[in-house]
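Each residue of the sequence shown is one higher than the one before, starting from 1 at the first, in UniProt numbering. Yeah, the Cβ is synthetic: ideal placement off N, Cα and C, and Gly gets one too.
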Amino acid sequence: MYERLQRCLGSVREKTDFVPEVGIILGSGLGDFAEEIQVEKRVPYEEIEGFPVSTVAGHKGQFVFGYVGKTPIVAMQGRVHFYEGYTMQEVVLPTRLMGLLGIKKLVLTNAAGGVNTAFQAGDFMMLTDHIAFAVPSPLIGKNLEELGTRFPDMSNVYDKDLQEVIRKVAKECDVAIQEGVYMQFTGPAYETPAEVKLSRILGADAVGMSTACEAVAAKHMGLQVCGISCITNMAAGILPQKLDHKEVQETADRVAKDFKKLVTKLLEEI
1 MYERLQRCLG SVREKTDFVP EVGIILGSGL GDFAEEIQVE KRVPYEEIEG
51 FPVSTVAGHK GQFVFGYVGK TPIVAMQGRV HFYEGYTMQE VVLPTRLMGL
101 LGIKKLVLTN AAGGVNTAFQ AGDFMMLTDH IAFAVPSPLI GKNLEELGTR
151 FPDMSNVYDK DLQEVIRKVA KECDVAIQEG VYMQFTGPAY ETPAEVKLSR
201 ILGADAVGMS TACEAVAAKH MGLQVCGISC ITNMAAGILP QKLDHKEVQE
251 TADRVAKDFK KLVTKLLEEI
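What follows is the structure, given as structure tokens:
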């Protein structure tokens, strides 16, 4: 896997020598944020040797290198998921690659189902922690010593200082933000009402199909991590209605303006 990462790194470096300081992964329906970037280079995933390619509708599938304010960033416009048939090590390969490209901080975003009954569709939730035992760890297998230690500490996955920055910029942007715990399931089926009830009992406030594994891989590399979920729907059993991906995209589109404002300010500040 480390050799594959090096091939990916070499493939990107053939196209750009841009060195980002902050990485951001843009979740379902949130890819339009890339329009806010002063673009220096776009690198489609299919042009990167050995790179997994997203198959999800609404995910464009490219790295966007550039600036938000004075901050040099790389944005993943579309992520890959475990449910697409990739190994978990392949799912986090893009995260690890961003670390090798130079980032020190990683902003994770996603579309999530609300479990906390105080939430409603369209809310934003800052991640304070996650629950990931419903999916395999991306660190299973031979440890990549070049990236991090065999047994990394996960007591502070979502950096406390970055959480304070999110609270500050949310207030400055006049964007209301919830806080809570995110739980990752495998997907691609939405969670059952019983699974949602279980997640609530365990302490989750939102559920989804990504993010926690990426946070673990990033933390393993020593990156500072923060995360924001867009609550695009209430999870199964919370409201008496069926769930579909169209609803996720529609809600994300509806709140895109506030999301762009919040994330732009966050990237400028960190």
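> What do you reckon, are the CB atoms on residue 65 and residue 133 nearer than 8 Å?
Replying inline: Locating residue 65 in the sequence shown gives position 65, counting from the first residue. Locating residue 133 in the sequence shown gives position 133, counting from the first residue. Their beta carbons are not under 8 Å apart, which means residue 65 does not touch residue 133 by this criterion.
>> My output table needs one value for residue 157: the three-state DSSP class, helix, strand or coil.
In response: The residue given as residue 157 occupies position 157 in the sequence shown. Of the three classes helix, strand and coil, the one that applies to residue 157 here is coil, per DSSP.
>> Let's test the definition: count the other Cβ atoms within 10 Å of the Cβ of residue 118 and tell me whether it reaches 16, buried, or not, exposed.
In response: Walking along the sequence shown from the start, residue 118 turns up at place 118. Flag for residue 118 reads exposed.
>> So, under 8 Å CB-CB, residue 105 and residue 270 are touching, yes? Tell me the CB distance rounded to an integer number of Å.
In response: Here residue 105 refers to the residue found at position 105 of the sequence shown. Here residue 270 refers to the residue found at position 270 of the sequence shown. About 6 Å separates the two Cβ atoms, so the contact holds.
>> As a quick exercise: from 260, 144 and 246, pick the residue whose alpha carbon is nearest that of residue 89.
In response: Position 89 of the sequence shown holds residue 89. When only C-alpha atoms are compared, the closest one is 144.
> From this set, 100, 74 and 93, which residue's C-alpha is nearest residue 213's C-alpha?
Replying inline: Here residue 213 refers to the residue found at position 213 when the sequence shown is read from its first residue. Comparing Cα positions, the closest option is 93.
> Which residues bound the beta strand (DSSP E) around residue 197?
Replying inline: As a working mapping, residue 197 is identified with position 197 in the sequence shown. Taken as a continuous stretch (DSSP letters only), residue 197 belongs to no beta strand (DSSP E), being part of the alpha helix (DSSP H) at 193–202.
>> According to DSSP, residue 182 sits in a beta bridge with which residue or residues?
In response: Within the sequence shown, the letter at position 182 stands for residue 182. Bridge partners of residue 182: 130 and 206.
> residue 1: which of 74, 137 and 141 sits nearest, CA to CA?
Replying inline: Along the sequence shown, one-based indexing puts residue 1 at 1. For residue 1, the nearest C-alpha among the options comes from 141.
> Opposite residue 227 in the DSSP bridges: which residues?
Replying inline: Locating residue 227 in the sequence shown gives position 227, counting from the first residue. Paired residue(s): 108.
> What number of angstroms, rounded off, separates the C-alpha of residue 127 from the C-alpha of residue 114?
Replying inline: If you number the sequence shown from 1, residue 127 lands on position 127. If you number the sequence shown from 1, residue 114 lands on position 114. Those two C-alpha atoms are separated by around 13 Å.
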